[in-house]
Each structure stands twice: as C-alpha cells, then as structure tokens.
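Engineer: Numbering (the numbering used here), first residue to last: 40 to 248.
All residues carry an ideal CB built from backbone N, CA and C; glycine is no exception.
Because the structure is a prediction, the values reported are computed rather than measured.
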Amino acid sequence: MVTAPTPSRASCGALVLAAGGGSRFVGTTHKLLTTVAGKAVVRHVLEAVATSGVSPIIVVTGAVALDEVLAVPLLGNPEVIVVHNARWQAGMASSLQCGLAVARQHGLAGVVVGLGDQPGIPAGAWRQVADTDAPIAVATYGGVRRNPVRLHAELWDQLPHDGDEGARTLIRVRPELVTEVACEGNPDDIDTADDVARWQQHLATRGEH
C-alpha cells in the first residue's frame, strides 16, 4: 500500500515526453517543431508548464533536437533539464524511464508527466494535477482521462521499460491509487497535418492568431 506524503510543488517536477518520431505527421518538419499560432507545438507545452510553477522541467528528446525551441528562456526562468533517449524507437515507456532517472537523481517525490504534442493543456491543469494528494493523479476533460498524470516516486519501479504505454499500464492494475482531477483545456494531441489545420481553425475562431 502506497501512502503519498502531502505534495509540494517544490518536490514535484514536470516530465515532458518529446522523443517520438511522429511517423504519422507528413510535413516539412517534425510535428513538435510545427508552428501553431506563431510558436512551435512543443513550445506551447513548455510555456504552459513554466507558467504552472511546476519545476524542474525534465524534457526527454529523441527523434528531433529541441535546442532552438529551448534557446529562448521560459517565463520565470525555471530549471530545464534536457535528456536524450537514445532508445526512443523502443517506445514511450523508454522515454518515461529516461526522465524518471533524472527525477531520481534530483530526489523528487513525484513527477507530472505530459506529452510534447498537446498544446491545448493549460498551466492550470499541470498545477492542479501536481498539487493533488494522491499516488496517481490523472487529469480529466469532460470526464475523459488524459494527460498530465502525476506519479508518486514510490510507484516508479512499477512502470514499464518498453512499449508505447507509460502510466496507463499502472493505472489499469492499481485503480485504487488513482484520483481524477477535473481540468479545463483541450487535451487533443497533434499527430497529423490535419490536426494542425484543425488547431489553427480553432484558434482563429477564438480570435487568436
């Protein structure tokens, strides 16, 4: 039985998985570097995390370097730790383990895990999930579970090392540890050029250019 300590933002970092190849995306650049509303997709994610106050921010790269995106400091100048996953083709789980290795080195009590291709998840969702007193906290949007997910350090050894599932495996086998956190925002990920066009239309409808 896992008993999670009362969380503090100082002991809970953010873990952004940005290592995948984006094989479904057909374009002139990697999907994470594709511009939406004047910024790279992954930059939207990183700015939301920075605004949330969750720090340090561990960014796991793989198929594409994010040096240019990270060259401009984030709001509040949070600590950003970039780790390259040489085994990124082994699946999301290997990237998760890369990030957790850094989290262990920093003595974090928990991490809030999200994906680099979900630009519509706002700072509030990251902050709400980070501040939840639960071994596993999962953001929900309209009752549907999505990212980000908070994982207490005592559970990290139970996470998979290979394959395309990260926390979902643990959530299935340990449902009694899960707390849902209702969040605002849009958790849709960007996988294709059509997804980019849909985001641009959505932002234009809201008056954002």
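Ignore the nearest five residues each way along the sequence and tell me which others in TRP238's own chain have a CB closer than 6 Å to its CB.
Structural biologist: VAL75
Engineer: Based on the DSSP output, what are the partners of PRO53 in its beta bridges?
Structural biologist: It is worth fixing the name first, because residue 53 is Ala in this sequence and not Pro. In the DSSP output, where bridge partners are listed per residue, ALA53 has ILE96, VAL151.
Engineer: With a cut-off of 8 Å on the beta carbons, I'd call ALA7 and VAL81 a contact; round off their distance for me.
Structural biologist: Coverage of the chain is limited to positions 40 through 248, which leaves residue 7 absent and any answer about it impossible.
Engineer: Take the Cβ of ALA236 as the centre, count every other Cβ of all protein chains shown within 10 Å, and call the residue buried at 16 or more, exposed below.
Structural biologist: Under this definition ALA236 is an exposed residue.
Engineer: Can you check whether the CB of VAL84 is closer than 8 Å to the CB of PRO158?
Structural biologist: yes
Engineer: Is it buried or exposed for MET40, if we count other Cβ within 10 angstroms and need 16 for buried?
Structural biologist: Model confidence at MET40 stands at a pLDDT of 43, short of 50, so the residue's coordinates are unreliable; what they give is reported in the following sentence. Flag for MET40 reads exposed.
Engineer: Just checking, does the segment 208-224 make contact with the segment 155-169 on the three C-beta pairs under 8 Å criterion?
Structural biologist: yes
Engineer: Mind checking which residues open and close the beta strand (DSSP E) that includes VAL177?
Structural biologist: 175-180
Engineer: Go ahead and label ALA110 buried or exposed: buried means 16 or more other beta carbons lie within 10 angstroms of its beta carbon, across all protein chains shown.
Structural biologist: exposed
Engineer: Between which residues of its own chain and THR31 is the CB-CB distance below 8 Å, once the five residues before and five after are set aside?
Structural biologist: Nothing about residue 31 can be read from this structure; the chain reaches only from 40 to 248.
Engineer: Ordered along the chain, which non-local residues of its own chain (more than five positions away) have a Cβ less than 8 Å from that of ILE229?
Structural biologist: PHE64, LYS70, THR73, VAL75, VAL80, ASP156, GLN157, PRO158, VAL235, TRP238
Engineer: In whole angstroms, what is the alpha-carbon distance linking PRO199 and ARG207?
Structural biologist: 10 Å
Engineer: Along the chain, where does the alpha helix (DSSP H) that runs through LEU85 open and close?
Structural biologist: In this chain, the alpha helix (DSSP H) harbouring LEU85 covers 80-91.
Engineer: Quick check on the DSSP output: the alpha helix (DSSP H) that includes GLU107 runs from which residue to which?
Structural biologist: 106-109
Engineer: For the alpha helix (DSSP H) containing VAL212, list its first residue and its last residue.
Structural biologist: 206-212
Engineer: Output the distance between the C-alpha atoms of PRO214 and LEU194, rounded to the nearest integer angstrom.
Structural biologist: 13 Å
Engineer: According to DSSP, is LEU198 helix, strand or coil?
Structural biologist: In the three-state reduction of the DSSP assignment, LEU198 falls in the coil class, being assigned neither a helical nor a strand state.
Engineer: Pick from GLU118, ALA125, ASN116: whose alpha carbon is nearest that of VAL103?
Structural biologist: ALA125
Engineer: Out of SER134, VAL141, THR68, state which residue places its alpha-carbon closest to the alpha-carbon of ILE96.
Structural biologist: VAL141
Engineer: Which same chain residues, not among the five before or five after GLY115, have their C-beta less than 7 Å away from its C-beta?
Structural biologist: Taking C-beta separations shorter than 7 Å and ignoring five residues to either side along the sequence, the partners of GLY115 in its chain run ALA89, following chain order.
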